[in-house]
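In my numbering, the protein residues as written are 10 to 211.
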């Protein structure tokens, strides 16, 4: 929100996903924007109590001009990425579903959740509910461990608000290292088993 001009500022990928562009409309009113869950940090509990203001309206179904054909309830998700304190995420570099089983073992040892990139979903290694990024969920855990993730801007948009980010990648030039607090340049299939071993021996 631009408090000076009193307009909404919206951010989305542009130029083939290479940059994040801020879009503003200074000439249209009213303005509306949507905010994905997990993008903003929840406000602390405040002492003030909300005041309920009753308001009567004469709006009818004829005014709306819409007919409800069916109400479909969303299926309950088994994955709670939004509330996860620790997330172990994988990308193309994980290689296969077996690789994700290794990530799940690491996540279980830390009471965390497993997530991944769009590629991991398309390959069938994880479910769409476990996808993090522009077309997935936005998360802000205490710890985000990115394994075999190159760091495309679409994925970073969904996890860059994590408190601490650890990246594991063989490519020292991978974009994920630009947002990582700690980086490990190495093969995740060697690094992750060692992390699991250290946690089991702790």
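Positions of the beta carbon are idealized from the N, C-alpha and C atoms, including for glycine.
No experiment lies behind these values; they were computed from the predicted model shown.
Item	Value
For residue 141, the three-state DSSP class (helix, strand or coil)	strand
Residue closest to residue 36, alpha-carbon to alpha-carbon, out of 183, 53, 17, 170	17
Given 8 Å, three or more beta-carbon pairs between the region 185–194 and the region 121–133	no
Whole-angstrom distance between residue 88 and residue 78, CA atom to CA atom	30 Å
Proximal residues to residue 171 (C-beta, below 8 Å), its chain only, five neighbours per side dropped	96, 148, 149, 150, 151, 152, 153
Of the listed residues 161, 162, 14, 110, nearest to residue 197 (C-alpha basis)	110
Where residue 45 sits in the DSSP three-state scheme	coil
Inter-residue spacing [alpha-carbon to alpha-carbon] between residue 118 and residue 112	10 Å
Same chain, Cβ closer than 8 Å to residue 75, five either side skipped, listed in chain order	none
Alpha-carbon to alpha-carbon, residue 91 and residue 100	19 Å
Pair within 8 Å by beta-carbon distance, residue 155 and residue 98	yes
Classification of residue 134 by the beta-carbon crowding that lies within 10 angstroms, buried from 16 upward	buried
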